[in-house]
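In the working numbering, the protein residues as written are 8 to 248. Here a beta-carbon is modelled for each residue, glycine too, at the ideal position from N, C-alpha and C. Working notes, structure below.
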């Protein structure tokens with residue numbers, strides 16, 4: 008599939024937002040093939056009780072056509088060195104890989120996953136809130152809200168997707184865990200930008216090493232696995248609660 012820019016999506020999504028009340032659109036699932044950048048913010052409590060905002064970002068590829076997803080996380084240290092982690096989910100094969108590259112030293116972890124591609128869709132329980140325009144009105148988006156409670160958890164979330172394409176812009180959600188005392192609150196913001204339709208460089212996202220031994224899960228892998236789960240949790244909340 009040829010790559011092209013989703014014309015309204017490459018603008019910054021943090022510009023002026025204007026609400027426009029409109030007829031309720033149909034719920035949608037993400038367009039079949041795309042790649043771009045993402046950013047994730049979450050609250051984190053330090054050992055002394057201080058609450059800080061933790062940020063991470065990277066690149067992603069979403070490929071319903073070939074039943075595959077990929078996330079690339081990059082950590083840059085003060086001395087300029089980098090550590091890169093790449094998740095590759097090949098649902099048609101039922102296999103997921105995590106490849107960690109730390110200054111040329113590579114580790115690979117392989118595990119089984121369900122052989123069914125999990126689409127990212129606006130949840131069935133979400134309700135349409137309104138239509139908005141961003142920036143100079145070149146971009147129109149639909150806002151959906153989701154409020155669910157179950158299993159001791161309360162989830163309040165909102166989804167902003169481009170109106171012309173079912174392309175994600177931002178997700179914001181708050182998750183309350185009343186199973187703990189005192190209750191634990193997680194605030195998450197996920198944003199996507201510079202999205203292109205199609206996937207031009209498949210090797211960048213989906214290349215698998217010739218050998219992938221069953222290495223143990225490193226702390227870096229565990230941390231990025233949690234970030235990857237947070238990026239998609241809001242699309243699975245209907246089934247998780």
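Out of 162, 133, 138, 231, state which residue places its alpha-carbon closest to the alpha-carbon of residue 152.
-> As a first step, residue 152 must be located in the chain shown, where it is residue number 145. The shortest C-alpha separation from residue 152 is found at 133.
State buried or exposed for residue 175, treating a residue as buried only when at least 16 other CB atoms are found within 10 Å of its CB.
-> Along the chain shown, one-based indexing puts residue 175 at 168. Looking at its Cβ environment, which holds 16 or more other Cβ atoms inside 10 Å, residue 175 is buried.
For the candidate residues 206, 231, 238, 220, whose alpha-carbon lies nearest to that of residue 39?
-> In the chain shown, residue 39 corresponds to position 32, counting from 1. Cα-wise, what sits closest to residue 39 is 206.
Would you mind stating whether residue 212 and residue 77 have Cβ atoms separated by less than 8 Å?
-> Within the chain shown, numbered from 1, the residue matching residue 212 stands at position 205. Within the chain shown, numbered from 1, the residue matching residue 77 stands at position 70. Yes, the pair counts as a contact, with Cβ atoms nearer than the cut-off.
Decide if residue 156 is buried, meaning its Cβ has at least 16 other Cβ atoms within 10 Å, or exposed.
-> Residue 156 sits at position 149 when you count from the first residue of the chain shown. It is exposed - the Cβ of residue 156 has fewer than 16 other Cβ atoms within 10 Å.
Given residue 65, which residues of its chain have a CB within under 8 Å of its CB, disregarding the five upstream and five downstream residues?
-> Residue mapping note: residue 65 aligns to position 58 of the chain shown, counting from 1. Cβ within range, chain order: 44, 45, 78, 79, 80, 81.
Can you grab the Cα-Cα spacing for the pair residue 109 / residue 90, in whole Å?
-> Locating residue 109 in the chain shown gives position 102, where the first residue counts as 1. Locating residue 90 in the chain shown gives position 83, where the first residue counts as 1. Approximately 5 Å, taken between the alpha carbons.
So, is residue 95 buried or exposed, given that buried needs 16 or more other C-beta atoms within 10 angstroms?
-> Residue 95 sits at position 88 when you count from the first residue of the chain shown. Residue 95 comes out buried.
From the DSSP output, in three-state form, read off residue 96 for me.
-> Locating residue 96 in the chain shown gives position 89, counting from the first residue. Note: residue 96 maps to strand in three-state DSSP.
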